[in-house]
Amino acid sequence: MDLGYETSMESTNSSSSSSSPSRYESQKRRDWDTFGQYLRNNKPPLSFPHFHPSHVLEFMHYLDQFGKTKIHIQTCPYFGVPNPPTACPCPFRQAWGSLDALVGRLRAAYDEHGGNPQINPFGAPEVRRFLREVRDFQAKSRGISYEKKRKRPKQQQEEQEDQQEQV
Ligand SMILES: [Zn+2]
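First residue of the sequence shown: 82, per our numbering; consecutive thereafter.
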């Protein structure tokens with residue numbers, strides 16, 4: 082039993098994302114709108130393409146408040162325990178899988194909106210590094226492994242997420 086993925090960012094059923102591009106596209110558009118809104122609310126307001134990788138990182142931190150995945154802190158007795166028997170006061174965060182997928186969609190959207198692929202902030206080294214750190218920490222915190230999943234074909238992985246959502 083692996084509850085490694087939280088798909089709150091992907092509110093729609095994602096099993097068909099490869100078979101029905103429109104769903105992926107609409108999710109991508111929603112993500113892009115959300116990010117655009119985030120930029121406009123920045124002080125001072127920002128707009129495409131005038132933002133930096135640091136804003137992408139801030140955006141991901143901002144999204145954490147809507148996260149639904151419990152991430153145990155190191156001092157929690159359930160740190161590294163996949164299925165804790167009782168609740169604990171650790172914070173909810175965006176799961177790495179959700180952030181990774183989100184950044185992938187935004188990266189594509191950036192290119193499609195005419196952004197310079199050479200400086201795509203969503204593909205910046207600091208963003209990739211951050212995602213790696215999130216993945217490693219969440220894997221430790223939740224006692225799960227993302228590595229095994231990553232080797233699986235993408236579609237199979239998404240189907241598994243759907244099964245989890247239906248539970
Ligand atoms: Zn905890």
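Backbone N, C-alpha and C fix where the C-beta goes; we use that ideal spot for every residue, glycine too.
query	result
Going by DSSP, which residues form a beta bridge with LYS151?	PHE173
Taking the Cβ atom as the reference point for each residue, do ARG174 and THR150 lie within a distance shorter than 8 Å?	yes
Shorter than 7 Å, the distance from the beta carbon of GLU153 to the closest heavy atom of ligand 1, or not?	According to the sequence displayed, residue 153 carries His and not Glu. Yes; taking the cut-off as 7 Å, the Cβ of HIS153 has a heavy atom of ligand 1 nearer than that.
Tell me the rounded alpha-carbon separation between PHE140 and ALA189.	17 Å
First and last residue of the alpha helix (DSSP H) that includes TYR143?	134-144
Tell me the DSSP secondary structure of PHE203 in three-state form.	helix
Quick one: measure Cβ to Cβ for GLY161 and SER222, integer angstroms, because I've assumed they're closer than 8 Å.	7 Å
Using a Cβ-Cβ cutoff of less than 7 Å, which residues in the same chain neighbour TYR159 once the five nearest sequence positions on both sides are dropped?	HIS153, PRO165, CYS169
Note the first and the last residue of the continuous alpha helix (DSSP H) segment covering GLY117.	102-121
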